[in-house]
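Numbering (our numbering), first residue to last: 27 to 359.
As structure tokens, then:
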């Protein structure tokens, strides 16, 4: 544990480095109002913080920059009172007041919003339909032999499949099939065994069974949703071409990204700094991750990926707010 003075000095170094991306000297720290001690005292304490692994001096005559340990201390001691700027709060509020459409479009637009608000890359992941439950099913007759089956999932996803039939379907058969499908499917998981809809002779039974089969196939084909925005912004955060290529390469690997976010998001709003992610190409990056929910059930995750010197207070506030608003929108339908 650090005493109050060293804690204040370390936080000041981190904040200054986040703002300038330049090594921080003792005179700069001593001039900050939250420190209020002499430059000599700051210099001695910075030397001690370096010995303890919180800071590092990149060059002999340079100031200090935070290590992963320093960033971790900074993040863990944030008070929770930080908030977004009024401009960004208004941007998030206006977005969720006007966004609409199918889940895929909404998640893609949410990743763009989060990238705009934080100024770096954003990722939104939607859970596969197999872990969600069926909210409703609609069967629409496009023609006497063409039926559109539409299924709405608890995670907000919409699954569609057009069915071409061998014979005409009467309005009575369509209505009966619609009732059978909803009676057996609503509230169930697509991962569960196919429910027995009715005896084969019952009106609408054959159409209902065909609709269930078609919708299951369509849902399985869709799989996991992942949307990434702000690739150019994350690329602009690094000088080394190798680092840029490695980070952008990871963002193209859906399985790696989805697995990482699932692991991090289990505890709610979380921050992974540098090597903590366990993914070598992200050693110079930090991730801020939060789940979003439908009716209290986690159905996906949103994340911001940026350099380790990202603005943690602003980013944490942005991710938390967008997570809350997205969850509310999906729950309220």
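We treat Cβ as the ideally placed atom computed from N, Cα and C, and that holds for glycine.
Quantities reported herein were computed from a predicted structural model and do not represent experimental measurements.
**Message:** Which same chain residues end up closer than 8 Å to residue 349 when comparing Cβ atoms and leaving out the 5 residues on each side of it in sequence?
**Reply:** 295, 316, 317, 318, 328
**Close beta carbons around residue 130, own chain, < 7 Å, minus the five adjacent residues each side** = 251
**Asked** What residue from 280, 239, 28 has the CA that sits closest to residue 103's CA?
**Response** The candidate whose alpha carbon is nearest that of residue 103 is 28.
**Message:** Based on DSSP bridge pairs, tell me the residues matched to residue 332.
**Reply:** 312
**Prompt:** Excluding five sequence neighbours on each side, which residues of the same chain lie with their C-beta closer than 7 Å to the C-beta of residue 79?
**Reply:** 93, 95
**Message:** Within 10 Å of its beta-carbon, does residue 128 have 16 or more other beta-carbons around it, so buried, or fewer, so exposed?
**Reply:** exposed
**Short Cβ contact (8 Å threshold) for residue 165 with residue 203** = yes
**Proximity winner among 236, 105, 321, relative to residue 176 (alpha-carbon distances)** = Nearest C-alpha to residue 176: 236.
**Message:** Taking the straight line between their C-alpha atoms, what separation do you get for residue 161 and residue 358?
**Reply:** Take the alpha-carbon of residue 161 and the one of residue 358: they are about 13 Å apart.
**Message:** For residue 115, tell me which candidate among 347, 297, 60 has the shortest Cα-Cα distance.
**Reply:** Comparing Cα positions, the closest option is 347.
**Burial state of residue 340 (16 or more Cβ within 10 Å)** = Buried is the call here.
**Prompt:** Nearest chain D C-beta to residue 44 closer than 8 Å, yes or no?
**Reply:** This model lacks chain D altogether, as it is built from one protein chain only.
**Limits of the unbroken alpha helix (DSSP H) element including residue 211** = Under the DSSP assignment, residue 211 falls in the alpha helix (DSSP H) whose first and last residues are 197 to 211.
**Request:** Tell me where the alpha helix (DSSP H) around residue 115 begins and ends.
**Result:** 112 to 124
**Asked** Which residues in the same chain have their Cβ closer than 7 Å to the Cβ of residue 145, if we skip the five residues on either side of it in sequence?
**Response** 259
**Message:** Could you tell me the alpha carbon to alpha carbon distance between residue 194 and residue 239, rounded to whole angstroms?
**Reply:** 19 Å
**Message:** Quick check on the DSSP output: the alpha helix (DSSP H) that includes residue 46 runs from which residue to which?
**Reply:** 30 to 46
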